[in-house]
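Residue numbers (the numbering used here): 12 to 572.
Positions of the beta carbon are idealized from the N, C-alpha and C atoms, including for glycine.
Since the structure comes first, as structure tokens, the remarks are kept for the end.
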Amino acid sequence: MAVTTVPGSRVDASALAGAKRVSFAYIATALLALLVGAALGPFQAWNYGGIDLYGLLPFLKSYYQGLTLHGVLNALVYTTFFNAGLMFYLPVRELGVKPAMTWMWGSFGVGAVGLVLAGAGIVTNTSSVLYTFYPPLYGHWSFYVGLALVVVSSLMVGAEVIRLRAVWRRQNPGRATPLVTYMSVVTWMMWMLASVGLVVSVVGFLIPWSFGWIGGVDPLLARTLFWYTGHPIVYFWLLPAYISWYALLPKQAGGELVSDPLARLAFLMFLLFSVPVGFHHQFTDPGIPAGWKMVHSMLTMFVGVPSLLTAFTIAASLEIAGRRNGGRGILGWIAKLPWGNPAVSAQLLAAIAFIFGGAGGIVNASFNLNMLVHNTAWIPGHFHLTVGTAVTLTFMGITYWLLPHLTGRPLYSIALARWTNWTWFVGMMIFAIGMHWQGLLAVPRRAYISNLPAALSEAYANASVPMAFTAVSGVILLFAIIFYFTVVFGTIFSRKRLAEADVPEIPWSSARSFKSEGVLRFMDSLAVWMGLAIFLVVIAYLPSLITMLANLQPVPGYKLW
Ligand code: HAS
Ligand code: CU1
Numbered sequence: 012m013a014v015t016t017v018p019g020s021r022v023d024a025s026a027l028a029g030a031k032r033v034s035f036a037y038i039a040t041a042l043l044a045l046l047v048g049a050a051l052g053p054f055q056a057w058n059y060g061g062i063d064l065y066g067l068l069p070f071l072k073s074y075y076q077g078l079t080l081h082g083v084l085n086a087l088v089y090t091t092f093f094n095a096g097l098m099f100y101l102p103v104r105e106l107g108v109k110p111a112m113t114w115m116w117g118s119f120g121v122g123a124v125g126l127v128l129a130g131a132g133i134v135t136n137t138s139s140v141l142y143t144f145y146p147p148l149y150g151h152w153s154f155y156v157g158l159a160l161v162v163v164s165s166l167m168v169g170a171e172v173i174r175l176r177a178v179w180r181r182q183n184p185g186r187a188t189p190l191v192t193y194m195s196v197v198t199w200m201m202w203m204l205a206s207v208g209l210v211v212s213v214v215g216f217l218i219p220w221s222f223g224w225i226g227g228v229d230p231l232l233a234r235t236l237f238w239y240t241g242h243p244i245v246y247f248w249l250l251p252a253y254i255s256w257y258a259l260l261p262k263q264a265g266g267e268l269v270s271d272p273l274a275r276l277a278f279l280m281f282l283l284f285s286v287p288v289g290f291h292h293q294f295t296d297p298g299i300p301a302g303w304k305m306v307h308s309m310l311t312m313f314v315g316v317p318s319l320l321t322a323f324t325i326a327a328s329l330e331i332a333g334r335r336n337g338g339r340g341i342l343g344w345i346a347k348l349p350w351g352n353p354a355v356s357a358q359l360l361a362a363i364a365f366i367f368g369g370a371g372g373i374v375n376a377s378f379n380l381n382m383l384v385h386n387t388a389w390i391p392g393h394f395h396l397t398v399g400t401a402v403t404l405t406f407m408g409i410t411y412w413l414l415p416h417l418t419g420r421p422l423y424s425i426a427l428a429r430w431t432n433w434t435w436f437v438g439m440m441i442f443a444i445g446m447h448w449q450g451l452l453a454v455p456r457r458a459y460i461s462n463l464p465a466a467l468s469e470a471y472a473n474a475s476v477p478m479a480f481t482a483v484s485g486v487i488l489l490f491a492i493i494f495y496f497t498v499v500f501g502t503i504f505s506r507k508r509l510a511e512a513d514v515p516e517i518p519w520s521s522a523r524s525f526k527s528e529g530v531l532r533f534m535d536s537l538a539v540w541m542g543l544a545i546f547l548v549v550i551a552y553l554p555s556l557i558t559m560l561a562n563l564q565p566v567p568g569y570k571l572w
């Protein structure tokens, strides 16, 4: 394969400054959402530790309003805005193609208006419907419209990145799409296919319902459309972290990416298998034939494969780094990785957490084991290891170089960044032990467990040890949040300026462009892969959706809290 270096940063200085500004706007908004969302987290941990401290949060009308704020801001807003900033900026820099700035600011504006509208719905306690907003729980129209706008904004960014690739291909005939752009475009295409369910549900049913134009919504259909998007959304969160693990971390750790085609293959598998698996969230829902649930269960095992590939590739890339640094023996190289660099250690710890999060996911996906854990505290245990640690801690690691890169200001404190990583990792691991364990003792998820009537709380008396784990984790995580945002604000508002030469560069591990031939050319035909992905989705969903539409059972909404 003929290789040349991707020149990168060929965009002129003013285009580069514009790209930096809009990316910073996205990432700063993401971090603000995380600040508020994460700050509520310890209170939820203490709740599952049997300690009710909601009295300290008088602006909340109920536990469920707090939980809605936590889930929407962390899982939906923080991730979407961070992804938009990162998966726009990296392709622009890798391709060196001038972005359409008016379009990008327009998309940021749409997202920001959406955030304000959705936030207003939650803050006024008119939409305490949790981040899954299942009907018949009934929210204010501003909540649904706001969320729809946040999704539209992300799709606008995706469209721009796809356009940038098309421009680059016209300018570089015969060359394969560079790796980071390839991974970003595949992720955006996957998200475009994935978001259809949410868009249909929100625009077709929930918004008309919230305005009173239709009298009811069918809960089963709404749940199905939600999980059509709700499962692949977890890969929309994960894949930007994978981009960093594949394409930036090897360089930061002093190694190299062992295989470019294997990285592309993993992403293609995510394009194919991320969406047609949503029934694994609905194993206990009536109205879906067991055979289709089984199909989705099997396909879920398929979508585990690219993560197993990733585990192999990343570990091998890191091993190269550790051995170059003098590591010996089977595991000696691990100690020789640059753990002192917080941007690296954040991602190493994130990946370690993901081994356990992924293993739990396989348990969840196993049709019959799911019966044991569904709707229990096990599930939040699972997703605080995946989105809460694998993704969030990786994003934190990214901000340690990206914020100085975008703002030209020095990282506030390397020591505090290291403390952030370890307290976040240890806190989340203890949280996860407590929650998984409570789940096995049948403690339900999403319950105001610290405030149950005596008769009910006796039912969970045997869970006092795991509850203690969860309570302790809340304290550790509170420190992690304080450390992290001290670093973030200390950096953004620093009066110091880095000299031009000291501004961290993007740590490309694979800033190369290959000739488009053989397997690379095959993998670059993304329209064909997208067609295949759509085909799989139609098979997996259409029969069940037709049956549901033919048996619609709309019910009116209610507001519980
Ligand atoms: Fe999940 C529920 C199945 C991955 C998030 N999941 C959830 C929910 C969330 C979530 C938010 O099948 C709750 C939704 C709700 O509110 O109801 N999940 C899976 C499976 C995977 C999986 C099979 N989940 C994720 C990821 C998430 C996420 C990723 C967020 C980012 N999940 C389920 C199921 C449910 C579910 C059911 C429904 C449960 C129910 O009953 O409600 C797989 O993708 C996991 C594959 C991962 C692996 C791990 C690979 C390991 C790697 C790290 C390698 C480490 C290295 C470290 C190299 C096989 C890549 C080296 C370090 C050195 C120092 C050397
Ligand atoms: Cu899922």
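Give every residue of the same chain whose Cβ lies closer than 7 Å to the Cβ of Lys262, excluding the five residues on either side of it in the sequence, and list them in chain order.
-> For this step, residue 262 is matched to residue 251 along the sequence shown. The residues are Pro518, Trp519 and Ser520.
Report the three-state DSSP secondary structure of Ala13 (helix, strand or coil).
-> Here residue 13 refers to the residue found at position 2 of the sequence shown. With a pLDDT of 45 at Ala13, under the threshold of 50, the predicted position of this residue should be treated as unreliable, though the coordinate-derived value follows. Here Ala13 sits in coil by DSSP.
Look up Val316 in the DSSP assignment and say whether it is helix, strand or coil.
-> Position 305 of the sequence shown, counted from the first residue, corresponds to residue 316. Three-state DSSP puts Val316 in a helix.
Does the count of Cβ pairs from the stretch 390-398 and the stretch 550-562 closer than 8 Å reach three?
-> no
Have a look at Ala346, Ile341 and Thr400 and flag the residue whose alpha-carbon is nearest the alpha-carbon of Gly368.
-> As a position in the sequence shown, residue 368 is number 357, starting the count at 1. When only C-alpha atoms are compared, the closest one is Thr400.
Below-9 Å beta-carbon distance, Val22 vs any chain D residue | Chain labels in this structure do not include chain D; a single protein chain is all it has.
Which whole-angstrom value is the C-beta distance of Val161 and Ala129, which I expect to be below 8 Å?
-> Here residue 161 is taken as the residue at index 150 of the sequence shown, counted from 1. Here residue 129 is taken as the residue at index 118 of the sequence shown, counted from 1. 7 Å between Cβ atoms; contact.
Which one of Ala252, Ser212 and Ile218 has the shortest CA to CA distance from Phe237?
-> Along the sequence shown, one-based indexing puts residue 237 at 226. Checked all of Ala252, Ser212 and Ile218; the closest Cα to Phe237 is Ser212.
Please look up how many angstroms separate the CB atoms of Ala274 and Leu283, rounded, as I've assumed it's under 8 Å.
-> For this step, residue 274 is matched to residue 263 along the sequence shown. For this step, residue 283 is matched to residue 272 along the sequence shown. That pair is no contact at about 16 Å.
Got a sec: does the ligand HAS put a non-hydrogen atom nearer than 8 Å to the Cβ of Gly265?
-> Numbered from 1 along the sequence shown, position 254 holds the residue referred to as residue 265. Not so, every heavy atom of the ligand HAS lies at least 8 Å from the Cβ.
Rounded C-beta distance between Gly568 and Leu148? I'm assuming under 8 Å.
-> What you label residue 568 is simply residue 557 of the sequence shown in a count that begins at 1. What you label residue 148 is simply residue 137 of the sequence shown in a count that begins at 1. With a Cβ gap of about 7 Å, Gly568 and Leu148 count as contacting.
Count the C-beta pairs between the stretch 445-452 and the stretch 475-482 that are closer than 8 Å, then say yes if the count reaches three, no if not.
-> yes
Output yes or no for whether 9 Å exceeds the beta carbon distance between Arg420 and Ile503.
-> In the sequence shown, counting from the first residue as 1, residue 420 sits at position 409. In the sequence shown, counting from the first residue as 1, residue 503 sits at position 492. In contact: Arg420 and Ile503 (Cβ atoms closer than 9 Å).
Length-filtered (4 minimum) alpha helix (DSSP H) runs lying within the stretch 217-264 = Counting only runs that start and end inside the stretch 217-264, the alpha helix (DSSP H) elements of at least 4 residues fall at 218-221, 230-241, 243-258 and 260-264.
Assigned secondary structure, Leu422 (DSSP; H/G/I helix, E/B strand, else coil) | As a working mapping, residue 422 is identified with position 411 in the sequence shown. Correct three-state label for Leu422: coil.
Terminal residues of the continuous alpha helix (DSSP H) containing Glu2?
-> Nothing in the structure corresponds to residue 2, since the chain is present only between 12 and 572.
From Phe313 to Val374, what does the alpha carbon distance come to, in whole angstroms?
-> In the sequence shown, residue 313 corresponds to position 302, counting from 1. In the sequence shown, residue 374 corresponds to position 363, counting from 1. Cα to Cα, Phe313 sits roughly 14 Å from Val374.
Would you list the one or two residues that DSSP bridges to Arg186?
-> Taking the first residue of the sequence shown as position 1, residue 186 is located at position 175. Note: Arg186 sits in a beta bridge opposite Lys526.
So Gly169 and Trp202 are in contact, right, with Cβ under 8 Å, and what is the actual spacing, rounded?
-> By one-based count along the sequence shown, residue 169 stands at place 158. By one-based count along the sequence shown, residue 202 stands at place 191. Indeed they touch by this definition, with Cβ atoms about 6 Å apart.
Measuring CB to CB, does Ala187 end up less than 9 Å from Leu488?
-> Within the sequence shown, numbered from 1, the residue matching residue 187 stands at position 176. Within the sequence shown, numbered from 1, the residue matching residue 488 stands at position 477. Taking 9 Å as the Cβ cut-off, Ala187 and Leu488 do not qualify as a contacting pair.
For Ala159 and Val214, believed in contact at Cβ under 8 Å, the rounded distance = The residue you call residue 214 lines up with position 203 of the sequence shown. The residue you call residue 159 lines up with position 148 of the sequence shown. So it is a contact: roughly 6 Å between Cβ atoms.
Could you work out which residue in Thr311, Thr387 and Ser118 is closest to Ser377 when comparing CA atoms only?
-> In the sequence shown, counting from the first residue as 1, residue 377 sits at position 366. Residue Thr311 is the option with its Cα nearest to Ser377.
Going by CA-CA distance only, name the one from Gly226, Leu413 and Ala277 that's closest to Leu249.
-> Start at 1 with the first residue of the sequence shown, and residue 249 comes out as number 238. The shortest Cα separation from Leu249 among Gly226, Leu413 and Ala277 belongs to Ala277.
Rounded separation between Asp535 and Leu97 - CA only = As a working mapping, residue 535 is identified with position 524 in the sequence shown. As a working mapping, residue 97 is identified with position 86 in the sequence shown. Each residue's CA atom was taken as its position, placing Asp535 and Leu97 some 22 Å apart.
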